[in-house]
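Below is one structure, written out as structure tokens; the observations come after it.
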Amino acid sequence: KATIGVVALQGAFSEHIFMLQRLPQLVASTVEIRSAQDFEKYKDSIDGIVLPGGESTTMSIILERETGLAQGLKQWIQDGKPIWGTCAGLIMLSDVITSTKQGGQTKLGGLRTTVRRNAFGRQSDSFEIDLEIPAIEAYGPNPATGSLKLPGVFIRAPVIEAVHDEGVQVIAKLQGREGREGEIVAVKQGNVLGSSFHPELTGDVRFHQLFVDICLQNKKN
Ligand code: GLN
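In full-length UniProt numbering, the protein residues as written are 7 to 227.
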């Protein structure tokens, strides 16, 4: 069984908790991390951390100035422990962030990628598209729909413009979206997972299962 810490400051954290708790065989239990004190309290008992989507500028300010939690998270990443960033979380994990607007994001860094913020335009340009992800299809079909594909929910989503070395494995690319064919939307680098879409906003728990399996595997080693 794995215990997952969910950074619960802003954005879609309760949805992540809901999904983790729904996993089959109750493989995951969760704790909320809201402060540097929470991090200190839980860091030795959790097996992985979820950094949710939301708004990366806001979340950066809270992480850095209001809670001081950024420091602990950076250490966690440097120690090679499991972490999964969705959307804004992915942005903060990326070593290089490009943006049309100056954002002032905190770079937690560690993920050897270049990520472009708001790569699909404005809020109203948000979209949903099915993704073919072999690592997810290995779990069998989406129990909710029977389809092997993962529903990809993109909300003012970033895109992974470049991966900087072969230690970064591309696990999902866009298919069938005009003009955006083959753009990278999820990667795995050792114990670090990044997705520009929001699996926690779907009925499909397989992406959460993938992350929990990374955590369980890491715990065994
Ligand atoms: N566009 C947001 C940002 O730059 C991310 C959106 C999201 O997490 N859904 O922070």
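Every residue gets a Cβ at the ideal spot worked out from N, C-alpha and C, and that includes glycine.
| request: Counting only the same chain and skipping the five closest in sequence on each side, list residues whose C-beta sits under 6 Å from that of Arg-162. | output: Locating residue 162 in the sequence shown gives position 156, counting from the first residue. So the qualifying residues of the chain are Asn-124 and Gln-129.
| request: Please go through the same chain and pick out, in chain order, the residues whose beta-carbon is closer than 8 Å to the beta-carbon of Gln-84, but skip the five residues on each side of it. | output: Indexing the sequence shown from 1 puts residue 84 at position 78. Excluding sequence neighbours, Gln-84 sits near Gly-116.
| said: Taking 7 Å as the cut-off, is the beta-carbon of Gly-182 closer than that to any non-hydrogen atom of the ligand GLN? | reply: As a first step, residue 182 must be located in the sequence shown, where it is residue number 176. When distances are taken from the beta-carbon of Gly-182 to the heavy atoms of the ligand GLN, even the shortest one reaches 7 Å or more.
| Helix, strand or coil at Pro-140 [DSSP, three-state] | Within the sequence shown, residue 140 is the residue found at index 134, counting from 1. In this structure, Pro-140 counts as helix in the three-state DSSP scheme.
| Do you know offhand how far Val-174's Cα is from Met-25's? | Within the sequence shown, residue 174 is the residue found at index 168, counting from 1. Within the sequence shown, residue 25 is the residue found at index 19, counting from 1. Take the alpha-carbon of Val-174 and the one of Met-25: they are about 26 Å apart.
| said: When you measure from the CB of Gly-91 to every non-hydrogen atom of the ligand GLN, does any distance come out below 7 Å? | reply: To locate residue 91, count along the sequence shown from 1; it is residue 85. Checking the Cβ of Gly-91 against the ligand GLN gives no.
| Alpha-carbon to alpha-carbon, Ile-23 and Thr-36 | On the sequence shown, position 30 is the one that residue 36 refers to. On the sequence shown, position 17 is the one that residue 23 refers to. Rounded to the nearest angstrom, the two C-alpha atoms are 7 Å apart.
| query | Does DSSP put Pro-147 in a helix, in a strand, or in coil? | reply | Numbered from 1 along the sequence shown, position 141 holds the residue referred to as residue 147. If DSSP states are grouped into helix, strand and coil, Pro-147 belongs with coil.
| query | Any chance the CB of Ser-130 is under 7 Å from a heavy atom of the ligand GLN? | reply | Taking the first residue of the sequence shown as 1, we reach residue 130 at position 124. No, the ligand GLN has no heavy atom inside 7 Å of this Cβ.
| Since Asp-53 contacts Ala-8 with CB under 8 Å, what's their CB separation in whole angstroms? | Residue numbering aside, residue 53 sits at position 47 when the sequence shown is read from its first letter. Residue numbering aside, residue 8 sits at position 2 when the sequence shown is read from its first letter. Rounded, the Cβ-Cβ distance is 4 Å, consistent with contact.
| message | On the DSSP bridge list, what partners appear for Val-102? | response | Within the sequence shown, residue 102 is the residue found at index 96, counting from 1. BP columns for Val-102 point to Thr-120.
| query | Among Glu-189, Pro-164 and Ile-135, which has the Cα closest to the Cα of Ser-153? | reply | To locate residue 153, count along the sequence shown from 1; it is residue 147. The option with the nearest alpha carbon to Ser-153 is Ile-135.
| Roughly how many angstroms lie between the CA atoms of Leu-180 and Pro-157, to the nearest whole one? | Here residue 180 refers to the residue found at position 174 when the sequence shown is read from its first residue. Here residue 157 refers to the residue found at position 151 when the sequence shown is read from its first residue. Cα to Cα, Leu-180 sits roughly 12 Å from Pro-157.
| query | Which two residues bound the contiguous beta strand (DSSP E) that contains Glu-38? | reply | As a working mapping, residue 38 is identified with position 32 in the sequence shown. According to the DSSP assignment, Glu-38 belongs to the beta strand (DSSP E) that extends over 34 to 39.
| field | Residues near Lys-226 in its chain [Cβ-Cβ closer than 7 Å; skip 5 each side] | value | For the purposes of this step, residue 226 is identified with residue 220 of the sequence shown, where counting begins at 1. Taken in chain order, the list of residues that qualify is empty.
| field | Test item: CB-CB of Ala-14 and Gly-60 under 8 Å | value | Position 8 of the sequence shown, counting from 1, holds the residue named residue 14. Position 54 of the sequence shown, counting from 1, holds the residue named residue 60. No.
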